[in-house]
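Trainee:
Residue numbers (the working numbering), protein chains in the order written: chain A, 110 to 495; chain B, 110 to 495.
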């Protein structure tokens, strides 16, 4: 893969995490450049989210760098705003940028005061080690309960590059807090174009992802465009490439859901609107009964139609067909003839598909990703903090 | 406890379950009597629910008996309506009643054709064994993944009795399908009074119960009033006694949630409306992260405020206090000072309480029951059918 031109990356250990693993990182653009971001919808919002949002408003969609830390979400603390501001000011000074050009992002435990001095102290080393080839180091530094590093890349016409990294392993864990995603690109785009492309790409990727139905205080996905390629591509081509990167990251997050062994893709076809279809798909995706059935390779379509039935979207059960791994298991709301043995084998794969079709006038096609639900999820979340 | 006058009970094994455990039961009132019921809100509805609803309409709220089976939900099958009708007609004949006076209820696997002949064949033996003291036998017969029998009793002025039984162990399991609840009473009430009392009592008991957020195809809670006490009590006194019985049953179901080791009571105070408070409480109750934290006796209030934050109800985090087991853990949205060691010990109990208070103008008090989330849930649901 080719990394976008105009960016440098660095990560180091600042002592925020208990274990000695990189926990603070910088992604720096050579110049202040068009930037866009989407943030959590939670009523409870971490200080870095509030500050990043404010900074983007102040600069009207421009940024120089992301300053990211893992190990502490800097959320629900007395000193949160001050800590975020201090870190951002120190980074700005070290980079010769304005504070408003630095976008902060944090992930980790919430409700524990964060020591800004650790970040301030780490910054000189961090800035000194900035390099164009340290993308992977940052992708590793932002991991928390993630078991795999998550990166994705795209090119447009061999001229423009996009590189994305993400962390997240419960859809969010409010405690481990969070899904974070960062995409660098060297495309020539305006801040407004970037925000539109990101908003559209998120709607069909990160917003169609659920691990446990929880939504974090720190969720952030952000893009900076260095324009260093000198190439302006069409808005459609850029949005498509960005969607490709975010879709790959979203699927990697689902597949790496806490304790997960399987990525589940849920398609709902034939609802009256996209939103109605997504509601049904999300209801199936969030049903612990469906997720445990897939974990056990159990072709239990009764749980699927039942979860669809309480999504709050009216439909006639007799209009519903359900497919698992491409096999028809429920026809017109009733059991179809299928080999349970064969389907159990088919479900014993790292990727499983569930497709629910409502036969009627609706034409909407909705897709949601999730993962199966295993004892591992309970183990990870029952004992994280203690 | 005193059982209500005017009822007889019987249970037997009809061969519907694979294991030789009672799977068909009758609760019979000496005369056709006032009856009321509430049913599932799912779009996918089992045949016995449809028929019971229709019968209650036909009789304008009178019934002679419940005919209940476990082992097959009689849902999403080709022959469902016919099977339910055949069973009900046979029971009516055996009891000398009208078919519309029989209320059917089923729980068990869905999508598998049910053999009505098994029930028809068992009916003579069942009717012959009807006895006033077989209440417990029926309470056992309706159990599926339940690990404990669930019964509750109340008296009004030493003159009127109520006796309730329930099954349910996931809030529902669409596959094991269902929460069922049956209450007998010898109070003198009209069908309309009975339906009002049941509707009100359900709102603050069974409707405030969640194990996994799933809602079954077969959920039914029903009351028959034999009037055999000859005593008419006030509507308020009756509703209070019925609420007491249903609250006890609801808490027993939560405590026996699949794999659960702990009953969790969630109180939300200070929301603008009861419905808003319940939305927040339900969001906390359905969060796998909160439920796994309680399982691990982890005083992780960050997950609680986060789950409250995505309930869709606006509030200021700085207005929020949270108590666990009566201990203040979060004050004004920030960590309170508390002994983590002491609280961990307090959480290591069969009953845990979470109380979230929004300080402001709201006066609503909402309460929801749920259970913790353990590896046992996954084990039970990952391998039930296979």
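A virtual CB, placed ideally from N, CA and C, is assigned to each residue, including glycine.
For residue 381 (chain B), would you say it is in contact with chain A, using Cβ-to-Cβ distances shorter than 8 Å as the test?
Mentor: no
Trainee: What distance in whole Å lies between the Cβ atoms of residue 113 (chain B) and residue 270 (chain B), which are believed to be in contact at a cut-off of 8 Å?
Mentor: 4 Å
Trainee: So which of B:276, B:485, B:202, B:267 has the shortest CA-CA distance to residue 258 (chain B)?
Mentor: B:276
Trainee: Should residue 124 (chain B) be flagged as near chain A, meaning a C-beta pair shorter than 8 Å?
Mentor: no
Trainee: Counting only C-beta atoms, is residue 424 (chain A) closer than 8 Å to chain B at any point?
Mentor: yes
Trainee: At a Cβ cut of 9 Å, what residues of the region 131-163 of chain A count as close to chain B, listed as they run along the chain?
Mentor: 149, 150, 151, 152, 153, 154
Trainee: Residue 145 (chain A) and residue 307 (chain A) - do their beta-carbons sit closer together than 8 Å?
Mentor: Contact flag set, yes.
Trainee: By Cβ distance below 8 Å, which residues in the same chain neighbour residue 495 (chain B) in space, the five residues on each side in sequence not counted?
Mentor: Note on residue 495 (chain B): pLDDT 37, under 50, position unreliable in the model; the coordinate value appears next. So the list is empty, once near-sequence residues are dropped.
Trainee: Should residue 326 (chain B) be flagged as near chain A, meaning a C-beta pair shorter than 8 Å?
Mentor: It does; some Cβ of chain A falls within 8 Å.
Trainee: Between which two residues does the alpha helix (DSSP H) containing residue 166 (chain B) stretch?
Mentor: 156-167
Trainee: So residue 424 (chain B) is in the alpha helix (DSSP H); what residue range does that whole segment cover?
Mentor: Element bounds for residue 424 (chain B): n/a, residue is neither H nor E.
Trainee: Please return the same chain residues whose Cβ sits closer than 8 Å to the Cβ of residue 148 (chain B), not counting the five positions on each side in sequence.
Mentor: 154, 158, 161, 162, 328, 329
Trainee: Is there a C-beta anywhere in chain A that falls below 8 Å from the one on residue 116 (chain B)?
Mentor: no
Trainee: Can you give the Cα-Cα distance for residue 434 (chain B) and residue 397 (chain B), rounded to whole angstroms?
Mentor: Their backbone Cα atoms lie some 19 Å apart in a straight line.
Trainee: When you check each C-beta in the region 177-193 of chain A against every C-beta of chain B, which residues fall closer than 7 Å?
Mentor: Against chain B - using a Cβ distance shorter than 7 Å - the residues of the region 177-193 of chain A are 185, 186, 187.
Trainee: Quick check on DSSP: helix, strand or coil for residue 361 (chain B)?
Mentor: helix
Trainee: Does the beta-carbon distance from residue 386 (chain A) to residue 446 (chain A) come in below 8 Å?
Mentor: no
Trainee: Using only CA atoms, which one of B:480, B:361, B:152 lies nearest to residue 261 (chain B)?
Mentor: B:361
Trainee: Is residue 219 (chain B) close to chain A? Criterion is C-beta to C-beta, closer than 8 Å.
Mentor: yes
Trainee: Is it true that the region 171-190 of chain B meets the region 368-382 of chain B, where meeting means three or more beta-carbon pairs spaced less than 8 Å apart?
Mentor: no
Trainee: Is residue 256 (chain B) close to chain A? Criterion is C-beta to C-beta, closer than 8 Å.
Mentor: no
Trainee: Should residue 444 (chain A) be flagged as near chain B, meaning a C-beta pair shorter than 8 Å?
Mentor: Residue contact check for residue 444 (chain A) against chain B: a CB pair falls below 8 Å.
Trainee: Would a check of beta-carbon distances place residue 432 (chain B) closer than 8 Å to chain A?
Mentor: no
Trainee: Report yes if the CB atom of residue 333 (chain A) is closer than 8 Å to the CB atom of residue 156 (chain A), and no otherwise.
Mentor: no
Trainee: Can you list the residues of chain A that residue 210 (chain B) reaches, using a CB-CB cut of under 9 Å?
Mentor: Chain A residues near residue 210 (chain B): none, gap ~28 Å exceeds 9 Å.
Trainee: Looking at the secondary structure, which residues open and close the alpha helix (DSSP H) in which residue 454 (chain B) lies?
Mentor: 449-456
Trainee: Taking the beta strand (DSSP E) that residue 143 (chain B) belongs to, which residues open and close that run?
Mentor: 133-148
Trainee: Which of the three DSSP states is assigned to residue 222 (chain A) in this structure?
Mentor: DSSP places residue 222 (chain A) in coil when its eight states are reduced to three.
Trainee: With a 10 Å radius around its C-beta and 16 neighbouring C-beta atoms as the bar for buried, classify residue 459 (chain B) as buried or exposed.
Mentor: exposed
Trainee: Can you name the residues of chain A whose CB is closer than 9 Å to the CB of residue 469 (chain B)?
Mentor: Neighbours of residue 469 (chain B) on chain A: none; closest Cβ ~14 Å, over 9 Å.
Trainee: Buried or exposed for residue 476 (chain A), going by 16 or more other Cβ atoms inside 10 Å?
Mentor: buried
Trainee: Given this structure, state the Cα-to-Cα distance separating residue 278 (chain B) from residue 230 (chain A), to the nearest angstrom.
Mentor: C-alpha separation (whole angstroms): 54 Å.
Trainee: What are the start and end residues of each continuous beta strand (DSSP E) run of 3 or more residues lying completely inside the region 235-309 of chain A, in chain order?
Mentor: 259-265, 269-276, 289-294
Trainee: I need the DSSP call for residue 125 (chain A), collapsed to helix, strand or coil.
Mentor: DSSP places residue 125 (chain A) in coil when its eight states are reduced to three.
Trainee: Assuming residue 461 (chain A) contacts residue 403 (chain A) (C-beta within less than 8 Å), just tell me the rounded distance between them.
Mentor: 5 Å
Trainee: Determine the chain A residues that contact residue 410 (chain B) at a beta-carbon separation under 8 Å, and present them in chain order.
Mentor: 220
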